[in-house]
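Chemist: Residue numbers (this note's numbering): 1 to 261.
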């Protein structure tokens, strides 16, 4: 069925509510994490669990970094404490508020911008050395503009680090999954906004709703935008997730904008 809704507005309000609820991805890092990052001891994630390899970043000192749709007071303060000049663009004012909280508490400089990950027109071409984009593009209905805009705002030789969801994770019957049974129910293209009945959608009342983007758009979209993918790893969901007993549902990529472009 179809649902006539402004997806960006819906998920902005939903993520604002998640901050109030204390969702895992809205809890800011503590002072000890920032202190360790200042000593050079730090790690951040693009996917639920695995730390991103440090070599994917290179030397962060003095680099201009964009945390794209990655607010919440978790990654951006760590990267800033590690020596980067960090800008955060996010759809949720409350999530940006979590980054502001850490920045004010720890004396960090963060530039905070509310906006749409698909429209980075507030930034000039070649503004950043690195774009850090955790699993969040499932909250918009069109994906390829995200890659094109990331490519545009990166300098030649710049790096895009991104986390994406394997679309298969959205296609199983959630009621059977709770019983440990994995049975396909939905088809691609899949969206919480259009693939579910009103009753099915009600189980996610108040929560952010997702769109399953194909791997062709998630990985092929990066290369079509001009990137060269130079690194990739898979990751599983949190403990207790039934599907994780069978496969890794998340992918992290390192992609480079060629220096000659």
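All C-beta atoms in this analysis are idealised placements derived from N, C-alpha and C, irrespective of residue type, glycine included.
1. I'd like the list of long-range same chain contacts for residue 253, defined as Cβ closer than 6 Å, with 5 residues on each side in sequence excluded.
2. For residue 253, which residues does DSSP report across the bridge?
3. What are the boundary residues of the beta strand (DSSP E) that includes residue 86?
4. Assign residue 64 to one of two classes, buried (16 or more other C-beta atoms within 10 Å of its C-beta) or exposed (fewer than that).
5. Measuring alpha carbon to alpha carbon, tell me which residue in 56, 189 and 204 is nearest residue 143.
6. Quick check on the burial criterion: 16 or more other C-beta atoms within 10 angstroms. Buried or exposed for residue 196?
7. Look at the alpha carbon of residue 179 and the alpha carbon of residue 246, and state the distance between them as a whole number of angstroms.
8. Where in the region 98–176 do unbroken runs of the beta strand (DSSP E), each at least 3 residues long, occur, reported from the N-terminal end onward?
9. Going by other Cβ atoms of all chains shown within 10 Å of its Cβ, with 16 needed for buried, is residue 184 buried or exposed?
10. Per DSSP, what are the beta-bridge partners of residue 45 in this structure?
11. How is residue 190 classed by DSSP in three states: helix, strand or coil?
12. May I ask you to report which of helix, strand or coil DSSP gives residue 69?
13. What does a CB cutoff of less than 7 Å around residue 7 pick up in its chain, not counting 5 residues either side in sequence?
14. In the DSSP output, what is residue 212 paired with across the bridge?
15. Under the rule that 16 or more other beta-carbon atoms within 10 Å means buried, what is residue 1, buried or exposed?
16. I'd like to know whether the C-beta atoms of residue 120 and residue 99 end up nearer to each other than 7 Å.
17. Do the region 121–130 and the region 9–16 meet, that is, are 3 or more Cβ pairs less than 8 Å apart?
18. To the nearest angstrom, how far is it from the Cα of residue 93 to the Cα of residue 69?
19. Counting along the chain, where does the alpha helix (DSSP H) carrying residue 200 start and finish?
20. Name the one or two DSSP bridge partners that residue 64 has.
21. Among the residues of its own chain, which have a CB less than 7 Å from the CB of residue 60, if the five just before and after it don't count?
22. Which residue wins for smallest C-alpha separation from residue 157, given the options 259, 24 and 176?
23. Taking 7 Å as the threshold (C-beta atoms), are residue 35 and residue 147 in contact?
24. Residues in its own chain within less than 6 Å of residue 53 by CB, not counting five upstream and five downstream?
25. Looking at the structure shown, is residue 184 part of a helix, part of a strand, or coil, going by DSSP?
26. Please report how far the alpha carbon of residue 248 lies from the alpha carbon of residue 24, in whole angstroms.
Modeler: If we stick to the structure as given:
1. Taking the first residue of the chain shown as position 1, residue 253 is located at position 253. Cβ-Cβ distances below 6 Å link residue 253 to 162, 229 and 232 in the same chain, with the five nearest sequence neighbours on each side left out; the list follows chain order.
2. The residue given as residue 253 occupies position 253 in the chain shown. 162 and 232, per the DSSP bridge assignment.
3. Here residue 86 refers to the residue found at position 86 when the chain shown is read from its first residue. Where residue 86 is concerned, the enclosing beta strand (DSSP E) stretches over 85–90.
4. Position 64 of the chain shown holds residue 64. Buried is the label assigned to residue 64, since at least 16 other Cβ atoms lie within 10 Å of its Cβ.
5. On the chain shown, position 143 is the one that residue 143 refers to. Restricting attention to 56, 189 and 204, the CA atom closest to the CA of residue 143 is found in 189.
6. In the chain shown, counting from the first residue as 1, residue 196 sits at position 196. By the 16-neighbour rule on beta-carbons within 10 angstroms, residue 196 is buried.
7. By one-based count along the chain shown, residue 179 stands at place 179. By one-based count along the chain shown, residue 246 stands at place 246. Distance between the alpha carbons of residue 179 and residue 246 is about 15 Å.
8. Fully enclosed beta strand (DSSP E) runs of no fewer than 3 residues occupy 110–114, 128–133 and 154–165 of the region 98–176, in order along the chain.
9. For the purposes of this step, residue 184 is taken as the residue at position 184 of the chain shown. Counting the other Cβ atoms within 10 Å of the Cβ of residue 184 gives fewer than 16, which makes it exposed.
10. Walking along the chain shown from the start, residue 45 turns up at place 45. Its beta-bridge partners are 51.
11. As a working note, residue 190 is residue 190 in the chain shown. Assigned with DSSP and collapsed to three states, residue 190 falls in strand.
12. On the chain shown, position 69 is the one that residue 69 refers to. Three-state result, residue 69: coil.
13. Residue mapping note: residue 7 aligns to position 7 of the chain shown, counting from 1. Once the five neighbours on either side are set aside, the close Cβ partners of residue 7 are 140, 141 and 193.
14. Along the chain shown, read from residue 1 onward, the residue named residue 212 stands at position 212. In the DSSP output, where bridge partners are listed per residue, residue 212 has 190.
15. By one-based count along the chain shown, residue 1 stands at place 1. Unreliable positioning characterises residue 1 in this predicted model, as indicated by a pLDDT of 46, which lies under 50. A coordinate reading is not provided.
16. Residue numbering aside, residue 120 sits at position 120 when the chain shown is read from its first letter. Residue numbering aside, residue 99 sits at position 99 when the chain shown is read from its first letter. Inclusion of residue 120 and residue 99 in the CB contact set at 7 Å is not warranted, their separation being larger than that value.
17. No: the two stretches stay apart, fewer than three of their Cβ pairs being nearer than 8 Å.
18. On the chain shown, residue 93 is found 93 positions in, with the first residue counted as 1. On the chain shown, residue 69 is found 69 positions in, with the first residue counted as 1. Distance between the alpha carbons of residue 93 and residue 69: 11 Å.
19. For this step, residue 200 is matched to residue 200 along the chain shown. Per DSSP, the unbroken alpha helix (DSSP H) holding residue 200 starts and ends at 198–202.
20. Along the chain shown, read from residue 1 onward, the residue named residue 64 stands at position 64. Per DSSP, 85.
21. To locate residue 60, count along the chain shown from 1; it is residue 60. Once the five neighbours on either side are set aside, the close Cβ partners of residue 60 are 79, 82, 83 and 84.
22. In the chain shown, counting from the first residue as 1, residue 157 sits at position 157. Considering only alpha carbons, the answer is 259.
23. Reading the chain shown from its first residue, position 147 is the one you call residue 147. Reading the chain shown from its first residue, position 35 is the one you call residue 35. No, Cβ-Cβ distance for residue 147 and residue 35 is not below 7 Å.
24. Along the chain shown, one-based indexing puts residue 53 at 53. Cβ neighbours of residue 53 within its own chain (closer than 6 Å, five residues either side excluded): none.
25. Sequence index remark: in the chain shown, residue 184 carries index 184 (1-based). In the three-state reduction of the DSSP assignment, residue 184 falls in the strand class, which pools E and B.
26. Here residue 248 corresponds to residue number 248 of the chain shown, with the count starting at 1. Here residue 24 corresponds to residue number 24 of the chain shown, with the count starting at 1. Between residue 248 and residue 24, the alpha-carbon positions lie close to 20 Å from each other.
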